[in-house]
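Input: a single structure, listed below in structure tokens.
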Amino acid sequence: MGMNLFLVAILNALVGVLVVLLFFRVWKGGDAPTIIDEVGEVSGFKLPFKDLKREGGRPSGPAGVESIAALGDFAPFNEPQQLQDPSQLFQANKDANGNTKYVFCLHETEKAVVVVDIPNTIEVIEDDVGADGASKSTSTNKRSIFFYQTLRNTATGAYVLSLPAFHQAAQKRGNDRATLSYEDALSHALFVHSTGRCGSTLLSKALGTACGIVSVAEPDIYSSVYVAWVEGRLTRDEVKEIVRDATYVLITNILKGLDDDRVVAIKLRGFVTPLAGIMKEAVPEAKNMFLYRQPIPTVDSYCMAFFNSGITRTLHNLGLFSLILKFTWVENFIPVAAPVLRDTDRIPAHVSYKLGIVSFVLGGWMSAMEYAFEANELGIWDAVLRYEELNEHKSHAIKKLVESLYPQLNVDEENENLKQVFTKDAHGTNAATSSARLKLGAKAPLFIQERDYEGIEIMLHALKYNLREKEYILDGTLLVSDDTPTK
19 MGMNLFLVAI
29 LNALVGVLVV
39 LLFFRVWKGG
49 DAPTIIDEVG
59 EVSGFKLPFK
69 DLKREGGRPS
79 GPAGVESIAA
89 LGDFAPFNEP
99 QQLQDPSQLF
109 QANKDANGNT
119 KYVFCLHETE
129 KAVVVVDIPN
139 TIEVIEDDVG
149 ADGASKSTST
159 NKRSIFFYQT
169 LRNTATGAYV
179 LSLPAFHQAA
189 QKRGNDRATL
199 SYEDALSHAL
209 FVHSTGRCGS
219 TLLSKALGTA
229 CGIVSVAEPD
239 IYSSVYVAWV
249 EGRLTRDEVK
259 EIVRDATYVL
269 ITNILKGLDD
279 DRVVAIKLRG
289 FVTPLAGIMK
299 EAVPEAKNMF
309 LYRQPIPTVD
319 SYCMAFFNSG
329 ITRTLHNLGL
339 FSLILKFTWV
349 ENFIPVAAPV
359 LRDTDRIPAH
369 VSYKLGIVSF
379 VLGGWMSAME
389 YAFEANELGI
399 WDAVLRYEEL
409 NEHKSHAIKK
419 LVESLYPQLN
429 VDEENENLKQ
439 VFTKDAHGTN
449 AATSSARLKL
459 GAKAPLFIQE
469 RDYEGIEIML
479 HALKYNLREK
489 EYILDGTLLV
499 SDDTPTK
């Protein structure tokens, strides 16, 4: 009997390892299709989908938050069709088939941008409340929690444009008299940066119910551009051009048919925060804000959302997580999401190894916070807010935040739709939900174990700029209770 139990335990452990490896294998989406060997200097292709499993696109990777958008999400394709004039792609807001063209991501290997057709019946933005408090939703198909998921799950076709062709197409749309100019359109943008797992999705939904604001959560063109920049596949000037053009196309798509005085809040993935400086250079007309949270709850929230199973907890408790991560994309993704871990003089390798996934998540938080401090010193942030303030003051925090950014907008903090946002898990049934914490009413960490704190303390002691001594609070953070920023 004892031997049988031992064999069962070994088998379960092996299954757990395979599950974790599979999870990390597919995190970055499908592989880059080889249907286009090389994208020309100024060229574009239409890629018809070979198989539509749903009403729209057919993602090959997981449908949850864990997968970065990629052209491979839609493979396989029929034969590519070369576009005669790629510069015309964005000329019409919607084509004869009732589709709107949205920027999806950067191509996985080529210097090219992926654009997708989305049926106009699909609701792609968070804009539930109008000036009278009534619902603004008229679509027959509701969006997913995140923008990139909506595009991935509902696209009916894809296009690949070389960088020069994409720039020409965006510029040509900007020259259309019926469309807002670049300067006018980009002045509507609010980039929402964060550490991740700090209430950014909650903030995005709340802003989307505030009068005069529409929200777009995680367009992955910014994520894929940031990854390409860190990996050296794009120059700084190329990044700036793509960011400016993609933001312009996004905003003109969204504001078409809406009031021209709307603000478009664009929430980015947490690891994209170090791109904020270049984005500021690329889109000086836009405003930028940063949202953050205390380190322990951030790490625990991430681990509870993605690793809350008996198998993953066992691997963590046995110290096997780091060994598994060595065989996944995480090892190469550390320079993107958690670059502080590469500095072993600050954070010894044995500490990272012992903490496993906790070190990766905490390293991501530290990297974002250190950059946020530097950006604060450079005046990049127009507003800084803590999750703790948002969670405590809720609608009042939204009112004060919006007032600090856009004094002309009036947010009714007693609006029932706005108040309702704070009564539900912002992620719903999405893969990123932290419902386990909510069900248990957890205040203390649930994933982090007592034995982890020694390594966590070593890592936090390595934080730059005396952030630990400042109790992890950035100067200028909005204190909603007294309506004044910290000094």
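So for the sequence shown, the numbering used here puts the first residue at 19; every next one is plus one.
Beta carbons: idealized from backbone N, C-alpha and C, even for Gly.
These figures come from a predicted structure and were not determined experimentally.
Rounded separation between residue i and residue j - CA only
i    : j    : result
F289 : P357 : 10 Å
D55  : A393 : Summary for D55: the model assigns pLDDT 46, below 50, so the residue's position carries little reliability; its value from the coordinates is reported in the next sentence. Going from the Cα of D55 to the Cα of A393 covers about 39 Å.
A283 : N193 : 24 Å
N138 : T172 : 10 Å
G473 : L481 : 13 Å
P94  : F339 : 34 Å
L497 : E388 : 21 Å
G82  : F324 : Its pLDDT being 37, under 50, G82 is placed unreliably by the model, and the measurement read from it follows with that caveat. Roughly 10 Å separates the two Cα atoms.
V133 : T118 : 10 Å
L403 : A355 : 21 Å
Y320 : I491 : 20 Å
E406 : V267 : 34 Å
L359 : Q426 : 43 Å
G381 : E489 : 17 Å
E487 : D318 : 21 Å
L124 : A264 : 10 Å
L179 : P104 : 7 Å
G116 : Q189 : 23 Å
D49  : L107 : No answer about D49 holds up, because its pLDDT of 48 lies below 50 and its placement is not dependable.
S1   : N435 : Nothing can be reported for residue 1, as the shown portion of the chain is limited to 19 through 505.
E431 : Q312 : 25 Å
K285 : G250 : 24 Å
E73  : G90  : In this prediction, E73 has a pLDDT of 41, which is less than 50 and means its spatial position is unreliable; what the coordinates show is noted afterwards. Their Cα atoms are separated by approximately 18 Å.
K372 : V234 : 38 Å
A304 : C229 : 19 Å
V348 : I314 : 21 Å
N409 : F465 : 21 Å
M384 : Y177 : 37 Å
E421 : S199 : 26 Å
I375 : H334 : 8 Å
E511 : S377 : Outside the shown range of the chain (19 to 505) lies residue 511, about which nothing can therefore be said.
V121 : E468 : 45 Å
R331 : G275 : 49 Å
W247 : G494 : 29 Å
H411 : K418 : 10 Å
H185 : N306 : 24 Å
H368 : P353 : 18 Å
Range covered by the beta strand (DSSP E) that runs through residue i
i    : result
C123 : N117 to L124
S212 : A207 to S212
Where residue i falls: helix, strand or coil (DSSP)
i    : result
Y310 : strand
P463 : coil
Q99  : strand
A130 : strand
L485 : coil
I69  : The sequence given here places Asp at residue 69; Ile does not occur at that position. It is coil, neither helix nor strand.
S136 : Rather than Ser, the amino acid found at residue 136 in this sequence is Ile. Here I136 sits in strand by DSSP.
V317 : helix
V178 : strand
F164 : coil
F63  : strand
S153 : Note that S153 scores a pLDDT of 41, beneath 50, so its modelled location is shaky; the value from the coordinates is reported in the next line. If DSSP states are grouped into helix, strand and coil, S153 belongs with the strands.
Start and end residues, alpha helix (DSSP H) containing residue i
i    : result
Y471 : Y471 to H479
V507 : No answer is possible for residue 507: it lies beyond the span of the chain, which begins at 19 and ends at 505.
V354 : V348 to A355
G192 : L181 to G192
F345 : Neither: F345 is in no alpha helix (DSSP H) and is coded neither H nor E.
L204 : Y200 to L204
L333 : G328 to N335
Beta-carbon separation (whole angstroms), residue i vs residue j, contact threshold 8 Å
i    : j    : result
M477 : I365 : 6 Å
S61  : A203 : That belief does not hold up - the Cβ atoms of S61 and A203 are roughly 26 Å apart, past 8 Å.
A300 : V261 : 4 Å
K68  : P98  : K68 to P98, Cβ: 12 Å. No contact.
R170 : A87  : 6 Å
Requested in this report: Scan the segment 359 to 444 and note each continuous alpha helix (DSSP H) run of 4 residues or more that stays entirely inside, going in chain order.
Outcome: 367 to 373, 375 to 395, 405 to 411, 413 to 423 and 434 to 439
Query raised in the report: In chain order, which alpha helix (DSSP H) runs of at least 4 residues are fully inside the segment 225 to 300?
Result: 238 to 248, 254 to 273 and 294 to 300
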